[in-house]
Amino acid sequence: MTSGENASTLPEMNASTYAKPYRPFSYVLLIFALVLIGSSIFMAQFSFQQEFQILKDVSLGAISIFTSLLAIVATARLLPQDMEDRILYTILAKPVPRFEYVLGKIAGVLLLLGISTLVMGAAFLLVLFFREQAVLHATVRQMSGAPPDQVADALRVVRSSAFNLDIFPGMVIIYLKACLLAALTLFVSTFATSNIFTVVVMAFIYFIGHLQATAREYWLQEHGSGLIARIFFAVLTLIFPDLQAFNLVDDIVAGTAISLALFTKTAVLGVFYTTIYTLLAAFVFYGKEL
Numbered sequence: 371m372t373s374g375e376n377a378s379t380l381p382e383m384n385a386s387t388y389a390k391p392y393r394p395f396s397y398v399l400l401i402f403a404l405v406l407i408g409s410s411i412f413m414a415q416f417s418f419q420q421e422f423q424i425l426k427d428v429s430l431g432a433i434s435i436f437t438s439l440l441a442i443v444a445t446a447r448l449l450p451q452d453m454e455d456r457i458l459y460t461i462l463a464k465p466v467p468r469f470e471y472v473l474g475k476i477a478g479v480l481l482l483l484g485i486s487t488l489v490m491g492a493a494f495l496l497v498l499f500f501r502e503q504a505v506l507h508a509t510v511r512q513m514s515g516a517p518p519d520q521v522a523d524a525l526r527v528v529r530s531s532a533f534n535l536d537i538f539p540g541m542v543i544i545y546l547k548a549c550l551l552a553a554l555t556l557f558v559s560t561f562a563t564s565n566i567f568t569v570v571v572m573a574f575i576y577f578i579g580h581l582q583a584t585a586r587e588y589w590l591q592e593h594g595s596g597l598i599a600r601i602f603f604a605v606l607t608l609i610f611p612d613l614q615a616f617n618l619v620d621d622i623v624a625g626t627a628i629s630l631a632l633f634t635k636t637a638v639l640g641v642f643y644t645t646i647y648t649l650l651a652a653f654v655f656y657g658k659e660l
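With the first letter of the sequence shown counted as 1, position 64 gets the number 434 in our numbering; the numbers rise by one all the way through.
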């Protein structure tokens, strides 16, 4: 076979081919920007304490939802898109182990999620900073005739209401939750028939993961905590991760300090699930007939 014949059998790969799985990134950032703008207009009628609380609640909640959505949608398209464009066969025809292929795919998604989290987090902190500066200037103007001690106390209250260091570990946990969902989506896509099926399954898993903690507490209160019930919920948690455990937004908004033990426990849980689902995806993909 000549080189011209080899070239004719290769799939046509251009910039748009590689950009397809990452188009949701721009949509997510656009919608997040609209959410920030809309919330800023809406919060003009509240006090500065309420405004900062709502801004943090809306922004961190939006970051969590959008990174989770991006993780599911972008990852669900990877394997089916590569198979449809025949990129997968071109890559595996070379001396590239399937395990490395899976790791490369998940690494690309995790990098995309990291960039999106940083961009949305930076936008949120920028809006929070400008709103804080506006409130500080307004407070100084309103208290121009007050004693310096009272002015300093008022400014201190504004700063403490606007910003707290727990925002940063909160965003790290949000990122780890998205990583978990990406790895789980990749695992589901290895045996799914289409990316639509993968998205639908992940939607069910997403809601089950957020509701299982409430259902578990209700069941244990109503029916007791027997051995069978504990084993059942342990297996359920292993299959469907408790996504509510990654929700630290309420604590951040309320000003509750995130302890190092809680952060470490949640971070280790996120890394553990991401690693396990990535290994499962690689194992299933290794034995998959293409």
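For glycine and all other residues, C-beta sits at the position ideal for the given N, C-alpha and C. These figures come from a predicted structure and were not determined experimentally.
| Query | Result |
| --- | --- |
| Bounding residues of the alpha helix (DSSP H) (the contiguous stretch that carries Lys635) | Leu630 to Tyr656 |
| Cβ distance (whole Å) where Ile424 is taken to contact Phe418 below 8 Å | Incorrect: roughly 11 Å between the Cβ atoms, too far for contact. |
| Reference Thr437, options Ala624, Val521 and Tyr576, closest by Cα | Tyr576 |
| Pair within 8 Å by beta-carbon distance, Ile433 and Met572 | no |
| Three-way DSSP call (helix, strand, coil) for Ala477 in this model | helix |
| Selection from Leu430, Ile566, Thr563 and Gln614 that minimises the alpha carbon distance to Thr584 | Gln614 |
| Identity of the residue in Thr636, Phe533, Leu556 and Ala516 nearest Thr648 by Cα | Leu556 |
| Environment of Gly491 [buried if 16+ CB atoms lie within 10 Å] | buried |
| Candidates Ser564, Tyr545, Phe574 and Phe533, of which the one nearest Ala627 by Cα | Phe533 |
| Segments assigned alpha helix (DSSP H), at least 4 residues, entirely inside the stretch 459-525 | 468-512 |
| Helix, strand or coil at Pro539 [DSSP, three-state] | helix |
| Residue burial classification, Asp523 (beta-carbon count within 10 angstroms, cutoff 16) | exposed |
| Beta-carbon proximity check, Thr445 vs Ala552, cutoff 8 Å | yes |
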